[in-house]
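These notes are about the structure you will find just below.
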Amino acid sequence: MADVTLSGDPYQAAPKNTARRRLSTREFKMQGLAWMLALPALFLMGMLLLGPLLAVVALSFTDYSLGNGSLDWRGLDNYRAMLGDDIFYKSISNTLVYVGIVVPGSLVLGLGAALLIESLTRGKAFWRAVYFLPVMATLIAMAIVWEFMMSARFGIIPQTLALLGFPAKNWLQETATALPVLCIIGIWQSLGFNMVLFMAGLSGIPRTLYEALELDGGSSAWTRFWTITWPMLAPVTMFVVIITAIRSFQVFDTVHVLTKGGPNNATMVLIYQIYQEGFDFFRSSYAAALTVVFLVFIFILTVIKARTIENKVHYS
Amino acid sequence: MAEVKIKNVSKRFGDTSVLENASLTIAKGEFVSLIGPSGCGKSTLLRIVSGLELQDAGQIAIADQTVDDLRPSARNLAMVFQSYALYPHLNVASNIAMPLRMQRLNSLQRLPVVGRFLPGTAAANDDIARQVRDAAEMLDISHLLERKPGQLSGGQRQRVAVGRALVRNPAAFLLDEPLSNLDAKLRVHMRTEIAQLHRRLQATFIYVTHDQVEAMTMSDRIAVMMDGNIIQTGTPDEVYDNPADIRVAEFIGSPKINLIPVHVEPARGVALLAGTDCGVTADATAECLGVRPEAVAISPDNGPVTGTVEHAENLGSEEYVQVRLDALPDTLITARAGHGTGWTRRVGATAHVSFDGDRILAFDKAGKRVTCQPIARHLAQKKAVANG
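If you read the protein sequences in the order shown, they are chains A and B.
Heads up, the first sequence is in this note's numbering, so the first residue is 1 and it goes up one at a time.
Heads up, the second sequence is in this note's numbering, so the first residue is 1001 and it goes up one at a time.
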């Protein structure tokens, strides 16, 4: 009934139509303007972010090598070669082992350091600075320091271990221990950063929660940690895991300075292999294919981060 | 439920003394409000009772047991915090269950997956779940049990906090300004609910508030605190009608009590308001009369003191009229007029003010109460003494 009356009334229908038409042209103009304004940013994004990425992907399907004037399309040849490349498997597994040790190691120690420093009444700033030093120092320079510390003849670590009855040798030059030593250096380096993140997270936990728990009957440090601290730190922990994982995947400096991937490829990691293929052997296309594999790992981590951090671990 | 005894408690934070020798006994099942302006030490006193804060001197006893050496968790008290302090990562059911879990399960049984398979856990968990459901039903929050605190409104959070307190059987409930984060309408509603809850549970309640309406409407007794001291305890009526101190008189009652400077004539003992007889005799040291707005009568033509209507607040059921006295231009008197006295709303109208002599209070220079009574009764007494 109402419809009939409305559409039957010419005075009502007419202004309604023009209003709609006017609105749509205005909307069109607005949208056009919006795109115009976004164009410079989009252009730069394409040139600087997406362009190089696509170039790398494209390069991985060719036989280009650094310095060559021409290149040929080779399809999946590089990826096929990768499947038969023992060093590639070695570098993948080494990288995963490195990530698998450095992430939990620096997480647990970083959290421990944060809890201990937070519980201090005096000297908080001092200890925070001490633990944060490795983060601020350039890793290349610090790697050289580690090289001296690990030196078999006068390094403090082998010499100390020798006092305890271990053979005095450079553990970085042993196939079995080189990667674990690099992991320790990795943990040493990222611990301070994680600690600072955890300290920020700890200061965000309201004190009244601990008081409420105390009155609810939970008085041990263990109960306080498991009932409040750990769950309340979940967002920070998730962030720390992802950030540390991404940084550990990119491990390069220490390998380059200390071991060059050796001995016997024991410390060959993905980025170092990419570097070697690209800049030592000039096989740019193969390095590009390795880079694509590396980017896939980073992409997966980023997706996990986006999904979980933004959806799951927030409480309110 | 138990009696809570606060004995000579003192507390300092650095150089500031927050509590000085405060003593108070809260009987078993009694609802006592600690009330006072902010910074008077009422929250500190509550936290000392709970054990979250340690006193510098004095004792706290619960059910005749000194608890000064006990941790808060061992004192068996339930507390509702001003911020509610709900565990944000746990849903409503788990929040309410927390005190029971802490009481009934050991730390191994509380472990996430493993705990479930330990002997006794399942039975205890069932029992806890049943008690949580009962508590939720009592507070009308059964439909919220699965939600996280972040998804609740202020009033609902408040109920969950109360639920977490009442799910077990504590020696006493401690409430630290629990209604101050709610909007005005909800506050009135929750006031009634908490009072009803107290009647139903018959439990000992210690309630901290700065809102005298909350204290007046809910408590069996009120303890008024100022500057770290408990200056008066009594039923709401006693504190309202018989304040021991000018500060109490001013703090309790809304609108505020009228304070009128007077001079006592030495010969007859009559209090004079700028030379006018107020109708009462008072102690010679009296410097000031206190009259509640409802004990002030105003009329257009009849009364000993005159003034001018300066402002009128119409609340519908009643009206508060502010009158500036002609004789004392610095004194503004608030009078409660009944509904529909139209003339008072004319700002600038002349008003004649009279006081209900039975309800006038007198205070000396230091603010202490001194004696005061209507002249008629004073004369009758004198006569009786002369005859007797």
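Beta carbons: idealized from backbone N, C-alpha and C, even for Gly.
Does residue i pass the burial test, meaning 16 or more other C-beta atoms within 10 Å, or should it be called exposed?
i	result
GLY1316 of chain B	exposed
ALA1380 of chain B	exposed
HIS1339 of chain B	exposed
ASP1064 of chain B	exposed
LYS29 of chain A	exposed
ASN1169 of chain B	exposed
SER1107 of chain B	exposed
PRO167 of chain A	exposed
GLN12 of chain A	Because the pLDDT at GLN12 of chain A is just 47, under 50, the model does not fix this residue reliably, and the point stays unresolved.
THR254 of chain A	buried
TRP171 of chain A	buried
SER203 of chain A	exposed
ASP216 of chain A	buried
Taking Cβ-Cβ distances shorter than 9 Å, what residues in chain D pair up with residue i?
i	result
ALA212 of chain A	The question asks about chain D, but that chain is absent: this structure's protein chains are A and B.
Is residue i near the ligand HEM, judged by its Cβ being under 7 Å from some heavy atom?
i	result
LEU1111 of chain B	What this structure holds is no ligand at all, so the ligand HEM is not there to describe.
Express the C-alpha separation of residue j and residue i in angstroms, rounding to a whole number.
i	j	result
ALA212 of chain A	ILE228 of chain A	10 Å
SER1180 of chain B	ALA1203 of chain B	22 Å
ASN1229 of chain B	VAL1208 of chain B	14 Å
LEU197 of chain A	ARG128 of chain A	11 Å
VAL97 of chain A	LYS169 of chain A	23 Å
ASP3 of chain A	ALA41 of chain A	Confidence in ASP3 of chain A is poor, its pLDDT being 41 and thus under 50, which makes the residue's placement unreliable; the coordinate value appears in the next sentence. Rounded to the nearest angstrom, the two C-alpha atoms are 48 Å apart.
ALA14 of chain A	GLY32 of chain A	Confidence in ALA14 of chain A is poor, its pLDDT being 47 and thus under 50, which makes the residue's placement unreliable; the coordinate value appears in the next sentence. C-alpha separation (whole angstroms): 28 Å.
MET45 of chain A	ILE144 of chain A	37 Å
ASP1245 of chain B	MET1079 of chain B	31 Å
ARG1187 of chain B	PHE1251 of chain B	20 Å
VAL205 of chain A	PHE299 of chain A	The sequence shown places Ile at residue 205 of chain A, rather than the Val named in the question. Approximately 32 Å between the Cα atoms of the pair.
THR1217 of chain B	PRO1236 of chain B	8 Å
ALA1223 of chain B	VAL1239 of chain B	9 Å
VAL1370 of chain B	THR1285 of chain B	8 Å
TYR320 of chain A	PHE279 of chain A	Chain A is shown from 1 up to 316; residue 320 of chain A falls before or after that span and cannot be answered.
In this structure, does DSSP put residue i in helix, strand or coil?
i	result
ARG1133 of chain B	helix
GLN1202 of chain B	coil
LEU1273 of chain B	strand
ASP1356 of chain B	coil
VAL1188 of chain B	helix
SER1033 of chain B	strand
ALA55 of chain A	helix
MET1225 of chain B	strand
ARG1369 of chain B	strand
GLY1279 of chain B	strand
PHE28 of chain A	helix
ASP1211 of chain B	coil
ALA1384 of chain B	helix
MET1079 of chain B	strand
PHE299 of chain A	helix
ALA1171 of chain B	coil
GLU1310 of chain B	strand
PHE1251 of chain B	helix
TYR1087 of chain B	coil
Let me make sure I understand the geometry here. Which of the options has the alpha-carbon closest to that of residue i?
i	options	result
VAL1402 of chain B	B:LYS1256, B:ALA1312, B:LYS1365	This structure does not reach residue 1402 of chain B, given that chain B is present from 1001 up to 1388, and the question cannot be answered.
ASP1176 of chain B	B:ARG1159, B:LEU1118, B:ILE1206, B:LEU1144	B:ILE1206
ALA58 of chain A	A:GLY69, A:GLY75, A:GLY84, A:PHE43	A:GLY75
LEU209 of chain A	B:ALA1161, B:ILE1231, B:SER1254	B:ALA1161
GLY1036 of chain B	B:LEU1108, B:ALA1335, B:ARG1247, B:VAL1323	B:ARG1247
THR95 of chain A	A:VAL135, A:TRP226, A:LEU270	A:LEU270
GLU1020 of chain B	B:LEU1034, B:VAL1032, B:GLY1058	B:GLY1058
PRO134 of chain A	A:SER93, A:PHE193, A:ILE87	A:PHE193
ARG1359 of chain B	B:GLU1003, B:LEU1259, B:ASP1330, B:SER1050	B:LEU1259
ALA266 of chain A	A:PHE88, A:ARG153, A:LEU202	A:PHE88
GLN1082 of chain B	B:ARG1157, B:VAL1092, B:ILE1128, B:GLU1030	B:ARG1157
ARG1377 of chain B	B:GLY1357, B:VAL1370, B:LEU1139	B:GLY1357
LYS1148 of chain B	B:LYS1382, B:ILE1194, B:ALA1093, B:HIS1189	B:ALA1093
VAL236 of chain A	A:ALA162, A:ALA114, A:LEU295	A:ALA114
VAL102 of chain A	A:TRP73, A:ARG247, A:SER91	A:ARG247
ARG307 of chain A	A:PHE239, A:ASN264, A:ASP280, A:PHE249	A:PHE239
GLU1146 of chain B	B:ASP1211, B:PRO1088, B:GLY1253	B:PRO1088
Self-check item: Under 9 Å (Cβ pairs) to chain B, residues found in the segment 230-241 of chain A
Solution: Correct list: PRO231, MET232, ALA234.
Exercise. Can you give me, in chain order, the residues of the segment 193-217 of chain A that have a beta carbon less than 8 Å from any beta carbon in chain B?
Key: PRO206, THR208, LEU209, GLU211, ALA212, LEU213, GLU214, LEU215, ASP216, GLY217
Quiz item: What residues from the segment 1107-1127 of chain B come within 9 Å of chain A, judged by C-beta to C-beta, listed N to C?
Solution: SER1107, ARG1110, LEU1111, PRO1112
Practice problem: Closer than 8 Å, Cβ to Cβ, to anything on chain A: give me those residues from the segment 1209-1223 of chain B, in chain order. | Solution: The segment 1209-1223 of chain B vs chain A, Cβ under 8 Å: nothing.
Self-check item: Short-range partners of chain A found in the segment 1039-1060 of chain B, where Cβ spacing is below 7 Å
Solution: Within the segment 1039-1060 of chain B, the residues whose Cβ lies closer than 7 Å to some Cβ of chain A are SER1050, LEU1052, listed in chain order.
Practice problem: Using a Cβ-Cβ cut-off of less than 7 Å, give me the residues of the segment 284-308 of chain A that come near chain B, in sequence order. | Solution: none
Quiz prompt | Positions along the segment 1001-1016 of chain B whose CB lies within less than 9 Å of some CB in chain A | solution = none
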